[in-house]
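**Student:** Below you will find the structure I want to go over with you.
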Amino acid sequence: MKKLTAIVLALVIALSAATVAFAATSVYTCPACGDVIEGEKEFNTHLEKTCPVVGSEGKYKECPYDGCDAKFKSQEEYDKHLEICFYKPEPTIADKVSDFIAGIDFKEVFGKVTDFLGGIDFAGILAKVVGFIGGIDFSGIIDKIGSIEL
Ligand SMILES: [Zn+2]
Ligand SMILES: [Zn+2]
212 MKKLTAIVLA LVIALSAATV AFAATSVYTC PACGDVIEGE KEFNTHLEKT CPVVGSEGKY
272 KECPYDGCDA KFKSQEEYDK HLEICFYKPE PTIADKVSDF IAGIDFKEVF GKVTDFLGGI
332 DFAGILAKVV GFIGGIDFSG IIDKIGSIEL
């Protein structure tokens, strides 16, 4: 009985130690690149070395265009470069078309169509059609047809 108690106690201690260790593993978000890093040590290593923005060994972002070997440490510089890169290929017609389509504000267009349809006085049109049909002198026409001698 004493042995079992000891085992249970050891288990409880081990479990709580693990829980404490787990809870103590702090999670950091790098203020420079936004990466989430677990552990203070790892976070410091990230800041000093591996962070792509401020780390000394940070991975460089390379220009994707053929013939250009420009490298950048920040996304901002990289984005800026892509706009002006000398090696940037001329956009193809397909690119232009997709850019054009991407530029269309479908929500706005849809809004306009809805406004247009909403502006049509369907009830008024229907009333006019009904009025027109109602104005036709059907009995007169029938009389006339009936009076035609075949
Ligand atoms: Zn970072
Ligand atoms: Zn480039």
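First residue of the sequence shown? That's 212 in my numbering, and the numbers climb one at a time after it. Cβ atoms here follow ideal geometry from the backbone N, Cα and C, with glycine treated the same way. These numbers come from a predicted model, not from an experiment.
#1: Does DSSP put T303 in a helix, in a strand, or in coil?
#2: V163: beta carbon under 8 Å from a heavy atom of ligand 1?
#3: Just checking: is the beta-carbon of E253 within a distance shorter than 9 Å of some beta-carbon in chain C?
#4: So, under 8 Å CB-CB, Y271 and K299 are touching, yes? Tell me the CB distance rounded to an integer number of Å.
#5: Looking at the structure shown, is T240 part of a helix, part of a strand, or coil, going by DSSP?
#6: What is the DSSP secondary structure of F283, reduced to helix, strand or coil?
#7: Using a Cβ-based criterion (distance less than 8 Å to any ligand heavy atom), does K299 qualify as near ligand 2?
**Tutor:** Reading off the structure:
#1: If DSSP states are grouped into helix, strand and coil, T303 belongs with coil.
#2: Outside the displayed range of the chain (212 to 361) lies residue 163, so it cannot be described from this structure.
#3: Considering every chain present, this structure includes no chain C. It has just one protein chain.
#4: The Cβ separation is near 19 Å, so there is no contact.
#5: strand
#6: strand
#7: yes
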